[in-house]
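Enquirer: Each position in the sequence shown, counted from 1, maps to that position plus 858 in the working numbering. Virtual Cβ for every residue (Gly too), placed ideally from N, Cα, C. All of these numbers come straight from a predicted model, not from anything done at the bench.
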Amino acid sequence: MLKQVLLGIFDAMVILTIGFIGALFFLFTTVPSGDLKANWSPAQTTTLYDKTGQHILYEMHGEENRKVVPHEGISDNLRKVTVAAEDDAFYSHNGFDVKSIFRALKVNLQNDHISQGGSTITQQLARNVYLTREKTIKRKVKELLIAIKIERSNSKQDILDYYLNTVPYGANAYGAEKAAQIYFGKSAGELALDEAALLAALPKAPTYYSPYGSHRSELLLRQQAVIQRAADLGLITKEEALEAKKENTLAKVQDFKSKIEAPHFVFYVMEELEQRYGRDVLDAAGFDVITTLDYDLQKLGERIIEDGVNNNVKKYGGSNAALVAVDPKTGSILAMVGSKDYFATDIDGQVNVTTSLRQPGSSIKPIIYATAFEKGLQPETRITDARTNFGPDGSGRDYIPRNYSGTFRGNVSMRQALAMSLNIPAVKTLNYVGIDNAINMAERLGIDTFTQRQRYGLSLAIGGAEVTLLKETGAYAVFANDGVRQTTTSINKVINSDGTIDYANDPANGKRVIDAEVARKVSSILSDNDARTPVFGPRSPVFIEGRKVAAKTGTTQEFRDAWTVGFVPSLAVGVWTGNNNNAPMKGGADGVFVAAPIWHSFMVKALESVPEESFIAYTPVAKEAVKNIDKGSDKDVLEASLPSGVKHKKNIINDKRPKGWSKKEWDAYKKSIGL
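1. Taking all protein chains shown into account, decide if Tyr-949 is buried (16 or more other Cβ within 10 angstroms of its Cβ) or exposed.
2. Could you check how far apart the C-beta atoms of Ala-803 and Leu-1303 are, in whole angstroms? I think they sit under 8 Å.
3. Does the Cβ of Arg-1543 have 16 or more other Cβ atoms within 10 Å, making it buried, or fewer, making it exposed?
4. Going by CA-CA distance only, name the one from Val-1111, Asp-1154, Leu-1158 that's closest to Phe-1201.
5. Got a sec? Which residues, its chain only, sit under 7 Å from Lys-1379 by beta carbon, not counting five neighbours each side?
6. Identify the continuous alpha helix (DSSP H) that holds Asn-1354 and give its terminal residues.
7. Buried or exposed for Lys-1036, going by 16 or more other Cβ atoms inside 10 Å?
8. Put Arg-1260 into one of helix, strand or coil per three-state DSSP.
9. Identify which residue in Leu-1235, Thr-1239, Gly-1252, Asp-1256 has its Cα closest to the Cα of Arg-1245.
10. Within 8 Å, do at least three Cβ pairs link the segment 1435-1455 to the segment 1463-1470?
11. Quick check on the DSSP output: what are the complete beta strand (DSSP E) runs of length 3 or more inside the segment 1265-1341, in order along the chain?
12. For Asp-817, does the three-state DSSP call read helix, strand or coil?
13. Alpha carbon to alpha carbon, what distance is there between Ser-1177 and Asn-1168?
14. Please identify the residue among Thr-1024, Gly-953, Thr-904, Lys-925 whose C-alpha is closest to the C-alpha of Ala-1005.
15. Does the distance from the CB of Val-939 to the CB of Leu-1057 come in under 9 Å?
16. Could you pull out every residue in the same chain whose Cβ sits closer than 8 Å to the Cβ of Ala-1089, ignoring the five residues on either side in sequence?
17. Going by alpha carbons, who is nearest to Gly-1539 out of Lys-1007, Asp-946, Lys-1014, Ile-1226?
18. Note down the Cα distance separating Leu-894 from Val-1025, rounded to an integer number of angstroms.
19. Mark Lys-1522 as exposed unless 16 or more other C-beta atoms lie within 10 angstroms of its C-beta, in which case mark it buried.
20. Short check: CB of Val-1400 to CB of Trp-1457, under 9 Å?
21. Going by DSSP in three states, Ser-1190 sits in which element: helix, strand or coil?
22. Going by DSSP, which residues form a beta bridge with Phe-1425?
23. Given a threshold of 16 other Cβ atoms within 10 Å of its Cβ, counted over all protein chains shown, does Gly-1264 qualify as buried or as exposed?
24. Tell me which same chain residues have a C-beta within less than 6 Å of the C-beta of Tyr-1021, skipping the five on either side of it?
25. If you follow the beta strand (DSSP E) that Arg-1240 is in, where does it begin and where does it stop?
26. Are the segment 1431-1444 and the segment 1338-1350 in contact at 8 Å, needing three or more beta carbon pairs?
27. Can you list, in chain order, the residues of its chain whose CB lies under 7 Å from that of Phe-886, leaving out five sequence neighbours each side?
28. In whole angstroms, give me the CA-to-CA distance for Arg-1390 and Met-1272.
29. For the segment 1306-1318 against the segment 1403-1413, are there 3 or more C-beta pairs whose distance is under 8 Å?
30. Does the segment 1210-1224 come close enough to the segment 1323-1330 that 3 or more CB-CB pairs lie under 8 Å?
31. Identify, in the order they occur along the chain, each residue of the same chain with its Cβ nearer than 7 Å to the Cβ of Asp-1386, setting aside the five sequence neighbours on each side.
32. Buried or exposed: which applies to Leu-1384, given that a residue is buried once 16 or more other Cβ atoms fall within 10 Å of its Cβ?
33. Which residue wins for smallest C-alpha separation from Gly-1368, given the options Gly-1043, Thr-1345, Gln-902?
34. Mind checking which residues open and close the alpha helix (DSSP H) that includes Met-1128?
35. Excluding the 5 residues flanking Asn-986 on each side, which residues of the same chain have their C-beta closer than 7 Å to its C-beta?
36. I think Ser-1279 touches Val-1423, with their Cβ atoms under 8 Å apart; what is that distance to the nearest whole Å?
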């Protein structure tokens, strides 16, 4: 019986083996030949446009931006470091590397999808020349079989030369010759070792590692690793590696001379496209990409940022600024100015500050109050602004925050507290709603940077955690859109080379993340110029004559960051000012003085042709209901949530008349708010 079972298993294995070999043989006979000269065809150009399709922002060239050079036109340095970076077994395998395949297979099984290919240089060449970019098992098998044919039909020298003439290096450069010209102003045959290593570092992720992008430090780390790997493999000497590592290669990189509009936005789009399609597809597909960029708003933003920085650097020592504009109803990024000047290396202009983590100061407060309103508190809820000890903050010291002015305003409403940006009420509100609940609110609004919850304390209420300008502006856009969140996007449509639509953004995919009443309460407070007047004055830069706008400023410690984020129902705009190296600005560089004027100038111009819009009013609760919430009209409802034994000092109301106010105006205002 056992013998029969074993014979049956053996027969089945023989049949399966024969079938597998037969299938491989069939595929082997049907896949193209390895004749590279006869089968190589260049990639098509992918073009990025503004939202109208009229303005070309950037072209990802195929044939038009490739120059094929012979073997002698390519530096030996580049060959060596390319093998080290992409395929260190290149000279010993027959087209595929078993170790790499099993390593990639392990990763793919862990991820439950094909994320790594384990491809050799020959396999990459087979894919570039013969195959589509789809990530399927069948394509991988074909790739492997074609690689074997290529190895049989071509020398290693020819294979590497073809690879170096086809591989994309970013910045529209396809092939080593064009890459060397664009980046270093020389031919591929003239590349020094450090320059060659920088180029060899790029093909893995050309957009991410671009020397013109936001990840230059990561590029240098990869370049150094490539040099070291080449030395470890014996392709270069240790002395050569040491000398190459000492070179300041980025200083040799030329300014990007190809036509590019809105460069920070373009690189952001390219990263979004890479996430959607993968690098290989973008390198050859010939897409027409209709982005979300409003060309006129982008140019307006660039001019205003430049003017604003020129003013700030003189008065306050702020050498940089950034601006982003979002359509709340669609999530479309309409303008993205990542720095004063993308090409200014003295301010790290390539860094896109709109996507960089910075502390937001008080501009985070609306999210804290939105959490409170969701829990049933109201803009009319009373809260005490007084010196408060919140107990140990985790560092061994008691947390006793202070208001920016150094004074306190006593019993105020939540409307007044948020509008005047009072710190003590904001911290008390966070203490009441809970840090986890506030972070949950932030995440629903699209802020996903508060990842280590255990690290955050009550200082979160006044900007003690990092966020990006783009994500915070997107969160404000939810308030503008009545509680419905549209995922921010830079792409409207992707059109194939044959004219068919490959992808189209659908604004109908918006999701309600907070109740409309909560959004309306926040919008009501942020657009209440009377409520913020005691601190900011009646005609501050967040006030626009003849138009209702909602806005909030923010300033961090030592004036390292200054923010203004605001909106109308059809447009949300965020502005950051400061220094990329995190150096403090001069004293007095508040958000209202350095960021708000930029925001104001942009909003005024951007809204010139937009009809005046009104915010939908929230439904106020009955006065008796507010009293019930407060347990008495003047009692601080948040008092009970404070640590045991905490007592306020005597309430102190700042009764000093603001500069520019007459006594009559000030007395009338105090009476109107019950002071």
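Expert: Looking at the atomic coordinates:
1. Numbered from its first residue, the sequence shown carries residue 949 at position 91. Tyr-949 should be labelled exposed.
2. No statement about residue 803 is possible, as the shown extent of the chain runs from 859 to 1533 and does not include it.
3. The chain is shown from 859 up to 1533; residue 1543 falls before or after that span and cannot be answered.
4. Numbered from its first residue, the sequence shown carries residue 1201 at position 343. Answer by Cα proximity: Val-1111.
5. Working through the sequence shown from its first residue, we reach residue 1379 at position 521. Hits under 7 Å: Phe-1231, Pro-1237, Tyr-1476.
6. Here residue 1354 refers to the residue found at position 496 of the sequence shown. Looking at the DSSP string, Asn-1354 is not in any alpha helix (DSSP H), and its letter there is neither H nor E.
7. Here residue 1036 is taken as the residue at index 178 of the sequence shown, counted from 1. With 16 or more other Cβ atoms within 10 Å, it is buried.
8. As a first step, residue 1260 must be located in the sequence shown, where it is residue number 402. The answer is coil: DSSP assigns Arg-1260 none of H, G, I, E or B.
9. If you number the sequence shown from 1, residue 1245 lands on position 387. Per the Cα distances, Asp-1256.
10. no
11. 1268-1271
12. Past the boundaries of the shown model lies residue 817; the chain is included only from 859 to 1533, so the question cannot be answered.
13. On the sequence shown, residue 1168 is found 310 positions in, with the first residue counted as 1. On the sequence shown, residue 1177 is found 319 positions in, with the first residue counted as 1. Their backbone Cα atoms lie some 8 Å apart in a straight line.
14. Walking along the sequence shown from the start, residue 1005 turns up at place 147. Here the closest residue by C-alpha is Gly-953.
15. By one-based count along the sequence shown, residue 939 stands at place 81. By one-based count along the sequence shown, residue 1057 stands at place 199. In this structure, Leu-1057 lies closer than 9 Å to Val-939 by Cβ.
16. Within the sequence shown, residue 1089 is the residue found at index 231, counting from 1. Closer than 8 Å at Cβ, skipping near neighbours: Thr-1095, Lys-1096, Glu-1098, Ala-1099.
17. Any answer about residue 1539 is impossible in this case: the structure gives the chain only from 859 up to 1533.
18. Position 36 of the sequence shown holds residue 894. Position 167 of the sequence shown holds residue 1025. Going from the Cα of Leu-894 to the Cα of Val-1025 covers about 14 Å.
19. Mapped onto the sequence shown, residue 1522 falls at position 664. The residue is exposed, with fewer than 16 neighbouring Cβ atoms inside 10 Å.
20. As a working mapping, residue 1400 is identified with position 542 in the sequence shown. As a working mapping, residue 1457 is identified with position 599 in the sequence shown. It is a contact, given that the beta carbons lie within the stated cut-off.
21. By 1-based counting over the sequence shown, the position of residue 1190 is 332. Note: Ser-1190 maps to strand in three-state DSSP.
22. Position 567 of the sequence shown, counted from the first residue, corresponds to residue 1425. Per DSSP, Ala-1408, Ala-1430.
23. Residue numbering aside, residue 1264 sits at position 406 when the sequence shown is read from its first letter. Exposed, because fewer than 16 other Cβ atoms sit within 10 Å of the Cβ of Gly-1264.
24. Translated into the one-based positions of the sequence shown, residue 1021 becomes position 163. So the qualifying residues of the chain are Ile-979, Leu-983.
25. Residue numbering aside, residue 1240 sits at position 382 when the sequence shown is read from its first letter. Element bounds for Arg-1240: 1240-1243.
26. no
27. If you number the sequence shown from 1, residue 886 lands on position 28. Because Phe-886 carries a pLDDT of 49, less than 50, the predicted location of this residue cannot be relied on, and no value is offered for it.
28. Along the sequence shown, read from residue 1 onward, the residue named residue 1390 stands at position 532. Along the sequence shown, read from residue 1 onward, the residue named residue 1272 stands at position 414. Computed Cα separation, rounded: 12 Å.
29. no
30. yes
31. For the purposes of this step, residue 1386 is identified with residue 528 of the sequence shown, where counting begins at 1. Taken in chain order, the residues that qualify are Arg-1273, Ala-1277.
32. In the sequence shown, the residue the question calls residue 1384 occupies position 526. The residue is buried, with at least 16 neighbouring Cβ atoms inside 10 Å.
33. Taking the first residue of the sequence shown as 1, we reach residue 1368 at position 510. Residue Thr-1345 is the option with its Cα nearest to Gly-1368.
34. Position 270 of the sequence shown, counted from the start, is the residue given in the question as residue 1128. Its alpha helix (DSSP H) spans residues 1121-1135.
35. For the purposes of this step, residue 986 is taken as residue 128 along the sequence shown, with counting starting at 1. So the list reads Thr-1024, once near-sequence residues are dropped.
36. As a working note, residue 1279 is residue 421 in the sequence shown. As a working note, residue 1423 is residue 565 in the sequence shown. Not really, about 13 Å apart at Cβ, beyond 8 Å.
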